[in-house]
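There are 2 protein chains.
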Amino acid sequence: MDKERIRLARLHDKVVSADEAAALIRDGMTVGMSGFTRAGDCKEVPFALARRAATEPLRITLMTGASLGNDIDRVLAEADVIARRLPFQSDATLRRKINAGEVMFIDQHLSETVEQLRSGQLAPVDVAVVEAVAITEQGGIIPSTSVGNSASFAMLARKVIVEINLNMPLELEGLHDIYFPVQRPYRQPIPLIAPAQRIGLPYIPIDPEKIAAIVFTAKDDSPSNALPPDAETSQIAGHLNDFLLREVRAGRLSPSLQPLQAGIGTIANAVLHGMVESPFRELQMYSEVLQDSTIELLDAGRLAFASASSVTLTRAVYQRFLSNLDRYRSRLLLRPQEISNHPEILRRLGLITINTALECDIYGNVNSTHVGGTHMMNGIGGSGDFARNAHLSVFVTKSVAKGGDISSIVPMVAHVDHTEHDVDIIVTEHGLADLRGLAPRERARTVIANCADPQYRELLGDYFRRACAHGGQTPHLVEEALSWHADFRDRGTMQPARPAPALAA
Amino acid sequence: MDKERIRLARLHDKVVSADEAAALIRDGMTVGMSGFTRAGDCKEVPFALARRAATEPLRITLMTGASLGNDIDRVLAEADVIARRLPFQSDATLRRKINAGEVMFIDQHLSETVEQLRSGQLAPVDVAVVEAVAITEQGGIIPSTSVGNSASFAMLARKVIVEINLNMPLELEGLHDIYFPVQRPYRQPIPLIAPAQRIGLPYIPIDPEKIAAIVFTAKDDSPSNALPPDAETSQIAGHLNDFLLREVRAGRLSPSLQPLQAGIGTIANAVLHGMVESPFRELQMYSEVLQDSTIELLDAGRLAFASASSVTLTRAVYQRFLSNLDRYRSRLLLRPQEISNHPEILRRLGLITINTALECDIYGNVNSTHVGGTHMMNGIGGSGDFARNAHLSVFVTKSVAKGGDISSIVPMVAHVDHTEHDVDIIVTEHGLADLRGLAPRERARTVIANCADPQYRELLGDYFRRACAHGGQTPHLVEEALSWHADFRDRGTMQPARPAPALAA
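If you read the protein sequences in the order shown, they are chains A and B.
Residues 79 to 583 (the numbering used here) make up the first sequence, in order.
Residues 79 to 583 (the numbering used here) make up the second sequence, in order.
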């Protein structure tokens, strides 16, 4: 086993227990761990850290690619190991501590963390912990189901712990393309001009002397928690497909569209799922995460190639994927998130990006992160990288939440992640608002008419008319703009209080 | 004269009056005019249009590079010629019409207009009107003091009107570098890897058959309206210089820093002016507009090279510049704004960007555009292009406006142009807040302590503490968050109403 998985013989004596490896991590350190959208996270060292924290002070800055699976963020948060966390998370317990101000969470564009690390603008990584399929003859690390920031963490860290996961088939080798931009001021153009293009190595090239410990594990990634498509997400998919078809007919898009990106989660997954039945052909993806819908599109022959930074699948599809890697390997590539999300590449390729909004306002500003304007949900993730540089930036959301007590279309979003400049299209189950080339007042009319739920449409129209009476490029009544959020907080609904029924005479 | 200025002989008979040229522009058309930050705008055809509008219906969509000088936007707005305007403006009369909802203004990232035009996502340009120094033997157009979107307008328009401005010296030839990205899906990396590098042609290469009219003009650009440095802008410059010096000492920046960008206007100009006395050497600029401070830095030997899309100078410096072009030409280049502001280039070069905020909130979100959250000032311009992709994104503002009645640091900005993710440093005359690697609650403490005016500091601290009591990653009291703006609107000040003095006993 060691020979196949650790091909550089002199590293064989680096194999230790998770507890021994975790001992390399000391109180106050900055630790970079693999893992992106629950895929390819390290499976044992985090738990060894949590165990140690029961008996000694152990607080670290934890950087990852994006969210972790296997309850790692929960266990580490409960053990009070995480003092500082970046750039993304999606765990309920950690989220609670973040919102209580007990964990300092730095919410970042996913393409940027590594730039800041490299230029010394973030604290240097003391130890990297990276899940791998194997270590090559030269000591290169072959990642598993995600690349995320693992390659950069391993390159930049003083010491590297490799977790070799025996549940990850060796056939994953060759799925990765590891490229680092040249250092400034000598940086050259990144040579990538098509999603399927290889520009790097199939492993992370590090000095094997830095590999301080190797731990064997045998545990699956946590499955995706995206829900299956439902009536409303199917309607959203339908509206978007209809729109894209009109763009093809108008000659503004080819029948293979532009490379697609879809954010993590139920709605974006459902929208891509909806393309299985679409007339579009020879599609390509240049995304950060591949979900079930990607595999469906590949199986249906709709998708020619998919590039991303991770693969996050539901249990059944995950097994099918890992058992049939030979079938998928020539049509998939996993890249560092710096490259999957890089503004240079995104602007060059010209993507159609599909990301989920928590709420949108009538002018097309989007809140992706802060419930009620204050409480962090997960983080901005890659949505800003993609929306800003898109050929066509689409945001999707159901028009209401909490059984109708929350309208996802509001007068003013209580937190802005994406400004109106970066939002071309908004889709809800009711319809699609095409905001391209429109001024804010025009945007408001189309968002209200096409996207708002009927029960909120007249209220939004009334707000907009009264705001317009006060003038402005973006009319608002500042004293009322966030009152819908206050109403929900105080009364549990954004619906207006009904006048008390008149007493019978 | 014609021979020097119109070197392609068969174009000599295209010379007409401004009125005759303007007749090519019809009611309902989309017109692309040269002009970027008051530089290189066309000087006669717009006025001919305004005259015609007095006698016949004439409403157009007007696209430019950025703002125009010579009162063009005022005159066209007064004549009611502008139905739709993009992507930037800075005229008081037009602004009034925009805020009244009478002109539809599409406020765009300056790098993006051309992408949208090229992909058919904006209405096509019917007529381009471009100021030039001369037309080459092949019919190429040599721009004057700005490139802006002129090259793309001329390439994409059906017809082109060239205004040859005899006040622009022929020595401007050679100052421009015109490059267009290859069309998607065949787009290649843009080969630019250093501010001084030439990648294109010194003229706009168009089919001379498209040149439908040539008008001779002889008028200067409007001078810059930036004010000279004052005590507060000098303090801002001082804080930033001190900070940059600390970064150099810490080894995070070299003594030549990174290429600099500075937004248009008084404060950014003053900050660069402050570098004349700094210890930084061999500086480079990769900006969208060069102001007086650039010429000062060149003259002082501080600046090795400056790349931009326009040159906007005060009267005295303008004359000095145009009379000494031989001295400056080897150290300046003007590029299309798509290239000066291109995310690919900006991220590659890693700029220090310095842009002006209208207001910042305690968490580091920035409003660059909307007074009171509703009324457009000028537009986002290139600030988003630069801030998002910066190595170090700096925003500068005086801590108060209107004699202290407005605090530029507020609990929540009433309009967001730049989210906290894109803001590294905030500087006011009181100090500098370094927000890198900080979570929102940490950002709030440093912004309040370092940037707020003392008279608002305790009020902001009080808001923040009360908001924290309600929890959240970004604590806010939604019912109170915008009350400072409502107070200013209703009472003329953000200062709290003082309790009435107690009656004497």
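By construction, the Cβ of each residue, glycine as well, lies at the ideal position given by its N, Cα and C atoms.
Residues of chain A with a Cβ closer than 8 Å to the Cβ of V494 of chain B are, in chain order, N443, V494 and T497.
Contact annotation: F166 of chain B and G459 of chain B have beta-carbon atoms nearer than 8 Å.
The C-alpha of A101 of chain B lies about 19 Å from the C-alpha of D151 of chain B. S302 of chain B and R116 of chain B have their C-alpha atoms spaced approximately 7 Å apart.
Pairwise C-beta distances place the region 363-380 of chain B out of contact with the region 484-499 of chain B, as fewer than three of them are shorter than 8 Å.
Boundaries of the alpha helix (DSSP H) harbouring S312 of chain A: A309 to R327, taken from the DSSP string. The residues T295, A296, K297 and D298, in chain order, have a CB closer than 8 Å to that of N245 of chain B in the same chain once the five nearest residues on each side in sequence are set aside. By the Cβ criterion, the region 274-284 of chain A is in contact with the region 249-259 of chain A, since at least three pairs of Cβ atoms, one from each stretch, lie closer than 8 Å.
Shown here, V159 of chain B sits in coil according to DSSP, grouped into three states, outside any helix or strand. For E437 of chain A, no CB of chain B lies under 8 Å from its own CB, so it is not counted at the interface with that chain. Put simply, the CB of A527 of chain B is far from chain A, with every gap to its CB atoms at 8 Å or more. Taking all protein chains shown into account, Y406 of chain A has 16 or more neighbouring C-beta atoms within 10 Å of its C-beta and is therefore buried. In this structure, B:E249 is the residue among B:M141, B:E249, B:L136 and B:V123 with its C-alpha nearest to the C-alpha of E82 of chain B. The beta carbon of N148 of chain B does not come within 8 Å of any beta carbon belonging to chain A, so the residue lies off that interface.
Residues of the region 551-577 of chain B with a Cβ closer than 8 Å to any Cβ of chain A, in chain order: Q551, T552, P553, H554, V556, E557, A559, L560, S561, H563, A564 and R567.
Close to chain B, meaning a Cβ-Cβ distance shorter than 9 Å, are the following residues of the region 187-212 of chain A: H187, S189, E190, E193, Q194, S197, G198, Q199, L200 and A201.
In this structure the region 446-460 of chain B does not lie against the region 307-325 of chain B, because fewer than three pairs of beta carbons, one per stretch, are closer than 8 Å.
Boundaries of the beta strand (DSSP E) harbouring E437 of chain B: E437 to D439, taken from the DSSP string. For the region 263-288 of chain A, the residues whose beta carbon sits under 9 Å from a beta carbon of chain B are, in order, P263, Y264, R265, Q266, P267, I268, P269, L270, I271 and A272. Only those residues of the region 416-440 of chain B whose C-beta falls short of 9 Å from the nearest C-beta of chain A are listed: H420, P421, E422, I423, L424, R425, R426, L427 and G428. Counting along the chain, the unbroken alpha helix (DSSP H) around N177 of chain A starts and ends at A170 to N177. Per DSSP, Q266 of chain A has no beta bridge partner at all. Between the C-alpha atoms of T108 of chain A and S486 of chain A there is a straight-line separation of about 38 Å. Distance from the CA of S356 of chain A to the CA of T311 of chain A, rounded to the nearest whole angstrom, comes to 15 Å. Under the 8 Å Cβ criterion, the region 326-335 of chain B does not count as touching the region 189-203 of chain B, having fewer than three qualifying pairs. Assigned with DSSP and collapsed to three states, N243 of chain B falls in strand. Annotation: Y364 of chain A is outside any alpha helix (DSSP H); the continuous beta strand (DSSP E) that includes it extends over L361 to Y364. Against chain B, the beta carbon of E82 of chain A has no neighbour under 8 Å; the closest one sits roughly 38 Å away.
Here N443 of chain A has V491, V494, T497 and E498 as same chain residues with Cβ atoms under 6 Å from its own Cβ, once five neighbours each way along the sequence are excluded.
Shortest Cα-Cα distance from S168 of chain B to any of B:G110, B:A206, B:P286 and B:S446 involves B:S446. For the region 428-507 of chain B, the full-length alpha helix (DSSP H) segments reaching 4 residues or more read 461-467 along the chain. Taking all protein chains in view, the Cβ of Y264 of chain A is surrounded by fewer than 16 other Cβ atoms within 10 Å, so the residue is classified as exposed. At a cut-off of 8 Å between beta carbons, G179 of chain A contacts chain B. Non-local C-beta neighbours of F125 of chain B in its own chain, meaning closer than 8 Å and more than five positions away in sequence, comprise A96, I150 and V153, ordered along the chain. Three or more Cβ pairs closer than 8 Å define a contact, and the region 331-347 of chain A meets that threshold against the region 412-430 of chain A. Spatial neighbours of V501 of chain B in its own chain (CB-CB distance under 8 Å, excluding positions within 5 residues in sequence) are listed in chain order as C438, G442, N443, V444, A465, S471, F473 and L513.
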